[in-house]
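Asks: This is the structure I have questions about; it appears just below.
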Amino acid sequence: MGGSAGRLQGGRRHLFAAGAVVAALLVGAGCGGGDDDGSSASRTTFAAGSAGTSASGTWAYPNGDAANTRSVEGEIDTSTVTRLGVAWTVPITAAGTFGGYASTPIVVDDTVYTQDLASNVQAIDLRTGEVKWTTRYASPTVGPNGVAVGDGRVYGGTGDGAFALDQLTGRELWFHRITRNEREGVDMAPGYSEGIMYISTVPGNASGFYRGDGVGIVHAFDGATGRRLWNFETVPESLWNPRHVDINSGGGLWHPPAFDGDGDMYISVANPGPWPGTERYPWGSSRPGPNLFTNSLVKLDAASGEVKWYRQALPHDIYDWDLHLPPILTESGGKRIVLASGKLGRVFAFDADNGDRLWERSVGIHNGHDDDNELAMDGRFELLDMPVTVWPGVLGGVETQMAVKDGVAFVPIVDLPVRFETQERNRLDFTGGRGQMVALDVSDGDVKWTRRFATPVYGAATVVNNLLFTTTFDGTLFALDVDTGAIVWREQLPAGTNATVAIAGDTLVTAASFPQGPGEKAQIVAYRIDATGRVERGGAAQPAEGEREGGGQQQAGGGAQTEEGGGGQTEQGGGGQTEQGGGGQTEQGGGGQTEQGGGGQTEQGGGGAAELAAGRTVFTANCAGCHTLADAGASGSVGPNLDDLRPDAATVRTKVTEGGGGMPAFGGRLSDAEIASVAAYVAAVAGQGGDGGGGAGGGTP
1 MGGSAGRLQG GRRHLFAAGA VVAALLVGAG CGGGDDDGSS ASRTTFAAGS AGTSASGTWA
61 YPNGDAANTR SVEGEIDTST VTRLGVAWTV PITAAGTFGG YASTPIVVDD TVYTQDLASN
121 VQAIDLRTGE VKWTTRYASP TVGPNGVAVG DGRVYGGTGD GAFALDQLTG RELWFHRITR
181 NEREGVDMAP GYSEGIMYIS TVPGNASGFY RGDGVGIVHA FDGATGRRLW NFETVPESLW
241 NPRHVDINSG GGLWHPPAFD GDGDMYISVA NPGPWPGTER YPWGSSRPGP NLFTNSLVKL
301 DAASGEVKWY RQALPHDIYD WDLHLPPILT ESGGKRIVLA SGKLGRVFAF DADNGDRLWE
361 RSVGIHNGHD DDNELAMDGR FELLDMPVTV WPGVLGGVET QMAVKDGVAF VPIVDLPVRF
421 ETQERNRLDF TGGRGQMVAL DVSDGDVKWT RRFATPVYGA ATVVNNLLFT TTFDGTLFAL
481 DVDTGAIVWR EQLPAGTNAT VAIAGDTLVT AASFPQGPGE KAQIVAYRID ATGRVERGGA
541 AQPAEGEREG GGQQQAGGGA QTEEGGGGQT EQGGGGQTEQ GGGGQTEQGG GGQTEQGGGG
601 QTEQGGGGAA ELAAGRTVFT ANCAGCHTLA DAGASGSVGP NLDDLRPDAA TVRTKVTEGG
661 GGMPAFGGRL SDAEIASVAA YVAAVAGQGG DGGGGAGGGT P
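Number 701 marks the last residue of the sequence shown (the UniProt record's numbering); no jumps.
Here's what the structure looks like:
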């Protein structure tokens with residue numbers, strides 16, 4: 001592998017660090033070496049526009065600004081928040097493992113640009129809710145996905161590729177497939193800076209994760225032409241052991257980079273697999289060593305892909321504890337700081353210039369397993385328990401994006417454990433999860449306040465003026481006082497949610513993205529100061545500001561119980577279909593099709609072999625990321641193992657239609673024929689074997 005990583009003592013655990021020359025030998029950056037000591041000139045401020053609060057009226061980047069601060073200016077504050085009402089809604093038609101929608105919209109030029117979990121992209125009028133155009137890819141992904149907008153183009157990813165669309169029409173301009181095989185996918189909103197689009201693969205897709213031979217690779221494309229500029233392998237293609245490439249996988253990005261305005265970018269790289277291991281190779285022993293660059297913060301030259309420095313926060317991860325969240329650039333005490341966090345449940349602050357660790361803070365519930373990775377890496381398996389319950393779990397810790405404003409970091413936390421029954425099987429109980437929002441002093445990591453919630457906080461953190469917004473899994477939208485954490489306002493969404501919040505001027509855009517019961521409908525919801533619309537839980541609507549084509553129903557009222565507490569050739573034709581003009585379909589480019597204002601549904605069904613084939617297609621697109629089913633090659637572990645459960649068709653139909661227990665309700669998103677086909681398929685094949693899937697993990701970062 002070339003070279004060895006030096007250990008920097010980091011409290012009770014070790015923080016791995018090495019120079020870019022070693023890094024290039026390990027995984028090969030686009031143009032090779034860099035400075036071991038991060039010897040770029042020391043600065044105390046970031047370039048203009050890279051860090052700080054975004055301008056009022058826009059949400060121009062996936063996380064608000066180039067620094068990923070998720071902090072904006074606008075008209076919503078403690079004096080106006082109680083005047084928020086529903087301005088419009090737009091139905092979400094996608095259906096998937098983790099709901100139908102998980103992205104943060106982009107808002108520029110009075111238009112909302114957004115993407116659902118079938119990779120379909122919409123442009124929506126911010127003021128009226130009218131859908132201007134829709135480009136359909138029908139390519140399932142587990143999210144968080146989303147788009148970036150710049151220089152007249154909309155950039156995004158599908159389940160296996162990257163694309164650019166015309167910002168005004170939605171017409172596909174270019175498309176590249178970027179996955180190497182069917183065991184990789186794309187789940188992130190891309191980054192865009194100085195004419196370059198950045199996007200990464202991850203070792204999995206809607207059919208399952210960490211099944212072997214999955215490598216996360218960052219790709220840089222010329223935004224205008226689609227020409228490939230460079231690639232950065234976040235893990236080696238040998239996957240740390242050439243004999244076990246078919247077992248191991250890892251790395252990749254789940255969120256866009258942060259850009260400092262000086263030509264550098266910062267990325268957070270996800271975890272290795274399998275986790276904890278396999279029965280033959282327990283505790284990650286098929287992938288010996290620290291498994292660089294997994295769970296690492298890496299600083300790259302944005303133009304070349306050259307590594308400047310990296311720091312590994314968690315070597316040899318065995319619990320799916322990604323350092324996956326978007327890095328945040330900020331400043332404190334005369335230093336330029338980069339913050340990083342993820343499902344490991346710890347927040348880190350590093351010096352942005354040289355990578356020195358400034359502080360580390362554990363957040364949320366932990367139960368004594370934070371150093372198990374080092375025991376596993378050292379081969380001390382006798383000190384590790386199996387079965388074992390671990391906090392935070394594989395859907396816990398800091399699962400969604402943090403925010404920063406005025407020297408304070410706001411950290412959304414999911415307190416949800418996982419029970420590892422064996423090396424290859426784990427169990428989650430969604431219904432037992434709770435949440436927190438914690439405010440940390442950026443200068444030293446000290447806790448300023450904590451707010452506890454009765455259900456998990458999957459809605460990230462978004463700051464506008466003196467308010468902090470988030471959503472909880474039960475479908476509640478909260479506004480908190482940034483100084484105290486006190487609840488200033490709350491609103492019940494028309495369904496459960498794992499969606500985030502974007503704010504532009506007087507308007508807040510979020511989504512009821514995860515229906516969990518009968519009658520709940522997934523929809524994007526826009527709130528505006530002095531709007532008067534309402535939509536009740538379950539979807540019963542009252543119009544606001546008139547009927548709107550492409551819009552939908554409205555919402556208000558209610559409240560959730562909370563607990564108070566402290567270079568290559570451009571490939572055309574990614575399959576995108578852009579719809580324009582009342583549902584008409586116009587062929588564009590390499591198969592792109594544009595529609596405006598409409599669209600239809602195709603029902604699948606039939607009988608016998610045809611129905612089972614249709615059901616397998618529905619299962620792969622919507623269920624494989626959560627469930628194990630050998631016939632479909634699915635190895636998800638978030639939901640029950642269907643081969644063990646062997647449910648009958650009636651049980652499957654009811655559960656798919658109504659959801660519950662953490663499973664989304666698909667009754668409003670799949671047709672009756674689709675539900676019937678998937679019920680028939682699961683009942684016919686569960687427990688009967690098949691091609692199989694292998695590997696560990698569901699479709700989560």
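We put the CB at the ideal spot given by N, CA and C, even for glycine.
Model, not experiment: these values are computed from the prediction.
Would you call the CB atoms of residue 138 and residue 118 closer than 7 Å?
Replies: Residue mapping note: residue 138 aligns to position 138 of the sequence shown, counting from 1. Residue mapping note: residue 118 aligns to position 118 of the sequence shown, counting from 1. Result yes, Cβ atoms of residue 138 and residue 118 sit closer than 7 Å.
Asks: Could you check what DSSP says for residue 137 in three-state terms: helix, strand or coil?
Replies: Along the sequence shown, read from residue 1 onward, the residue named residue 137 stands at position 137. Reduced to three states, the DSSP call for residue 137 is coil.
Asks: Would you call residue 396 buried or exposed, if buried means 16 or more other Cβ atoms sit within 10 Å of its Cβ?
Replies: For the purposes of this step, residue 396 is taken as residue 396 along the sequence shown, with counting starting at 1. Under the 10 Å beta carbon count, residue 396 is surrounded by 16 or more other beta carbons and is classified as buried.
Asks: Under a CB-based cut-off of 7 Å, is residue 410 close to chain D?
Replies: Looking at the structure shown, chain D is missing, and only one protein chain is on hand.
Asks: Relative to the alpha-carbon of residue 227, which residue among 258, 249, 237, 162 has its alpha-carbon at the smallest distance?
Replies: If you number the sequence shown from 1, residue 227 lands on position 227. Comparing Cα-Cα distances from residue 227 to each of 258, 249, 237, 162, the minimum goes to 162.
Asks: Less than 7 Å separating the beta-carbons of residue 210 and residue 203?
Replies: Along the sequence shown, one-based indexing puts residue 210 at 210. Along the sequence shown, one-based indexing puts residue 203 at 203. Yes, the Cβ-Cβ distance between residue 210 and residue 203 is below 7 Å.
Asks: Taking the beta strand (DSSP E) that residue 377 falls in, what are its first and last residues?
Replies: The residue labelled residue 377 in the question sits at position 377 within the sequence shown. Boundaries for residue 377: no beta strand (DSSP E) harbours it, while the alpha helix (DSSP H) harbouring it runs 372–377, taken from the DSSP string.
Asks: Looking at the structure shown, is residue 275 part of a helix, part of a strand, or coil, going by DSSP?
Replies: Counting from one through the sequence shown, the residue named residue 275 turns up at place 275. Residue 275 falls in the coil class under three-state DSSP.
Asks: With a 10 Å radius around its C-beta and 16 neighbouring C-beta atoms as the bar for buried, classify residue 421 as buried or exposed.
Replies: Sequence index remark: in the sequence shown, residue 421 carries index 421 (1-based). So residue 421 ends up on the exposed side.
Asks: Name the DSSP beta bridge partners of residue 288, please?
Replies: As a working note, residue 288 is residue 288 in the sequence shown. DSSP, once it has assigned bridges, lists no residue as partnering residue 288.
Asks: I'd like to know whether the C-beta atoms of residue 670 and residue 95 end up nearer to each other than 7 Å.
Replies: Against the sequence shown, residue 670 aligns to sequence position 670. Against the sequence shown, residue 95 aligns to sequence position 95. Yes, these two residues count as a Cβ contact at 7 Å.
Asks: Leaving out the 5 sequence neighbours to the left and right, which residues in its chain are closer than 8 Å to residue 231 when beta-carbon positions are compared?
Replies: On the sequence shown, residue 231 is found 231 positions in, with the first residue counted as 1. The answer, listed in chain order, is 30, 217, 218, 219, 220, 305.
Asks: Quick one: what's got a C-beta closer than 7 Å to residue 484's C-beta in the same chain, skipping five residues either side?
Replies: To locate residue 484, count along the sequence shown from 1; it is residue 484. So the qualifying residues of the chain are 449.
Asks: Given this structure, state the Cα-to-Cα distance separating residue 148 from residue 386, to the nearest angstrom.
Replies: As a first step, residue 148 must be located in the sequence shown, where it is residue number 148. As a first step, residue 386 must be located in the sequence shown, where it is residue number 386. Going by C-alpha positions, residue 148 is about 43 Å away from residue 386.
Asks: What is the DSSP secondary structure of residue 381, reduced to helix, strand or coil?
Replies: Start at 1 with the first residue of the sequence shown, and residue 381 comes out as number 381. Helix at residue 381.
Asks: Counting only the same chain and skipping the five closest in sequence on each side, list residues whose C-beta sits under 8 Å from that of residue 246.
Replies: By one-based count along the sequence shown, residue 246 stands at place 246. Excluding residues within five positions, the ones whose Cβ falls inside 8 Å are 212, 213.
Asks: Please determine, among 384, 126, 446, the residue with the shortest C-alpha to C-alpha distance to residue 368.
Replies: Counting from one through the sequence shown, the residue named residue 368 turns up at place 368. Minimum Cα-Cα distance from residue 368 among the listed residues 384, 126, 446 corresponds to 384.
Asks: Please report the Cβ distance between residue 523 and residue 136, rounded to the nearest whole angstrom; I am assuming they are in contact, meaning their Cβ atoms lie under 8 Å.
Replies: As a working note, residue 523 is residue 523 in the sequence shown. As a working note, residue 136 is residue 136 in the sequence shown. About 18 Å separates the beta carbons of residue 523 and residue 136, which is beyond the 8 Å limit, so they are not a contact pair.
Asks: Quick test of your reading: residue 324 and residue 255, contact by CB under 8 Å. State the CB separation rounded to the nearest angstrom.
Replies: Taking the first residue of the sequence shown as 1, we reach residue 324 at position 324. Taking the first residue of the sequence shown as 1, we reach residue 255 at position 255. Going by Cβ atoms, the distance from residue 324 to residue 255 rounds to 7 Å, so yes, they are a contact pair.
Asks: Once you ignore the five residues that flank residue 349 on each side, which residues in its own chain have a CB closer than 6 Å to its CB?
Replies: Taking the first residue of the sequence shown as position 1, residue 349 is located at position 349. So the qualifying residues of the chain are 337, 339, 358, 359.
Asks: Measuring CA to CA, which of 293, 315, 319 is closest to residue 309?
Replies: As a working note, residue 309 is residue 309 in the sequence shown. Checked all of 293, 315, 319; the closest Cα to residue 309 is 293.
Asks: Between the Cα of residue 408 and those of 140, 330, 499, 157, spot the shortest distance and give me the residue it belongs to.
Replies: Counted from its first residue, the sequence shown places residue 408 at position 408. Closest option to residue 408, Cα to Cα, is 330.
Asks: Within the same chain, show all residues whose beta-carbon is closer than 7 Å to that of residue 238, passing over the 5 residues directly before and after it, in chain order.
Replies: To locate residue 238, count along the sequence shown from 1; it is residue 238. The residues are 245.
Asks: Going by the CB atoms, is the gap between residue 146 and residue 206 shorter than 7 Å?
Replies: Taking the first residue of the sequence shown as 1, we reach residue 206 at position 206. Taking the first residue of the sequence shown as 1, we reach residue 146 at position 146. It is not a contact, given that the beta carbons lie outside the stated cut-off.
Asks: If you follow the alpha helix (DSSP H) that residue 675 is part of, which residue opens it and which one closes it?
Replies: The residue given as residue 675 occupies position 675 in the sequence shown. For residue 675, the enclosing alpha helix (DSSP H) begins and ends at 672–685.
Asks: For the alpha helix (DSSP H) containing residue 618, list its first residue and its last residue.
Replies: Within the sequence shown, the letter at position 618 stands for residue 618. 608–622 is the extent of the alpha helix (DSSP H) around residue 618.
Asks: In terms of residues, what are the limits of the beta strand (DSSP E) holding residue 168?
Replies: Within the sequence shown, residue 168 is the residue found at index 168, counting from 1. No beta strand (DSSP E) holds residue 168; DSSP gives it neither H nor E.
Asks: Measuring straight from C-alpha to C-alpha, what distance separates residue 705 and residue 464?
Replies: Look at the range of the chain in this structure, 1 to 701, and you will see that residue 705 is not part of it.
Asks: To the nearest angstrom, report how far apart residue 77 and residue 688 are at their CA atoms.
Replies: Stepping through the sequence shown from its first residue, residue 77 is reached at position 77. Stepping through the sequence shown from its first residue, residue 688 is reached at position 688. Near 57 Å, if we compare the C-alpha coordinates of residue 688 and residue 77.
Asks: To the nearest angstrom, how far is it from the Cα of residue 521 to the Cα of residue 515?
Replies: Here residue 521 is taken as the residue at index 521 of the sequence shown, counted from 1. Here residue 515 is taken as the residue at index 515 of the sequence shown, counted from 1. Looking at the two C-alpha atoms, the distance is approximately 6 Å.
Asks: Residues in its own chain within less than 6 Å of residue 686 by CB, not counting five upstream and five downstream?
Replies: Counting from one through the sequence shown, the residue named residue 686 turns up at place 686. Only 642, 643, 646 meet the Cβ criterion.
Asks: For residue 40 and residue 261, I'd like the C-alpha separation in whole angstroms.
Replies: Taking the first residue of the sequence shown as position 1, residue 40 is located at position 40. Taking the first residue of the sequence shown as position 1, residue 261 is located at position 261. Residue confidence for residue 40 is low, a pLDDT of 44 falling below 50, so the modelled location carries little weight and cannot support an answer.
Asks: Give me the DSSP bridge partner(s) of residue 176.
Replies: By 1-based counting over the sequence shown, the position of residue 176 is 176. Listed as beta-bridge partners of residue 176 by DSSP are 162.
Asks: Would you call the CB atoms of residue 355 and residue 318 closer than 7 Å?
Replies: Position 355 of the sequence shown holds residue 355. Position 318 of the sequence shown holds residue 318. Cβ atoms of residue 355 and residue 318: not closer than 7 Å.
Asks: Is it right to say residue 381 is buried, meaning 16 or more other beta carbons lie within 10 angstroms of its own, or is it exposed?
Replies: Position 381 of the sequence shown, counted from the first residue, corresponds to residue 381. The residue in question, residue 381, is exposed, as its Cβ has fewer than 16 Cβ neighbours within 10 Å.
Asks: Taking only the alpha-carbon atoms, compute the straight-line gap between residue 519 and residue 469 and give it to the nearest angstrom.
Replies: In the sequence shown, the residue the question calls residue 519 occupies position 519. In the sequence shown, the residue the question calls residue 469 occupies position 469. Cα to Cα, residue 519 sits roughly 26 Å from residue 469.
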